[in-house]
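See below for the structure under consideration.
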Amino acid sequence: MTMTWYHMVGAWVLAWVALVVMSQRNWAVSWLALGLMAAHIADWAMKAAKNAMRRTYIDPAGKAVFITGCDTGFGHLLALTLDKMGFKVYAGCLVPEGDGARSLLQEASSKLKVLRVDVTKDDEVRAAYKTIEHDMADDLG
Numbered sequence: 461m462t463m464t465w466y467h468m469v470g471a472w473v474l475a476w477v478a479l480v481v482m483s484q485r486n487w488a489v490s491w492l493a494l495g496l497m498a499a500h501i502a503d504w505a506m507k508a509a510k511n512a513m514r515r516t517y518i519d520p521a522g523k524a525v526f527i528t529g530c531d532t533g534f535g536h537l538l539a540l541t542l543d544k545m546g547f548k549v550y551a552g553c554l555v556p557e558g559d560g561a562r563s564l565l566q567e568a569s570s571k572l573k574v575l576r577v578d579v580t581k582d583d584e585v586r587a588a589y590k591t592i593e594h595d596m597a598d599d600l601g
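Residue numbers (the numbering used here): 461 to 601.
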């Protein structure tokens with residue numbers, strides 16, 4: 461039998477009532493009861509807020525993403541994640557011959573393309589833009 465929301469609330473209320481009864485003799489137990497109840501209410505509020513947030517699904521078919529900083533860290537992980545979701549990914553790497561770029565090419569599908577991009581150099585950003593623009597035009601027919 462799985463634990464439902466009602467069971468969870470019942471268990472919390474029972475534990476809180478027991479602590480309140482015990483706190484009649486000890487102020488530390490009273491603070492513990494108050495803390496547990498506050499933690500439960502905060503947890504419930506966070507879950508309610510998360511469930512209330514709007515979820516949007518974006519169909520990756522025909523969509524492309526350009527990400528810079530894909531040699532390591534967040535950019536690297538984001539490029540792999542979006543590739544696995546089905547997006548065409550243009551991964552901008554400072555060193556396209558480096559370990560990070562090689563790792564991307566080994567782990568990702570053929571939809572991921574590594575581009576040399578140093579965002580501090582305008583000519584490299586323009587070259588990446590033209591490469592992506594040309595590649596997307598070829599894909600569209």
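Glycine included, each C-beta is placed from N, C-alpha and C at the ideal position.
By DSSP's assignment, Gly552 forms a beta bridge with Thr528, Leu575. Nearest neighbour of Leu564 by Cα position, chosen from Ala509, Arg515, Leu542, turns out to be Leu542. Per DSSP, Glu567 is one residue of the alpha helix (DSSP H) stretching across 559 to 567.
Ser570 and Lys590 have their C-alpha atoms roughly 20 Å apart.
If you draw a straight line from the Cα of Lys581 to the Cα of Ala512, it comes to about 43 Å.
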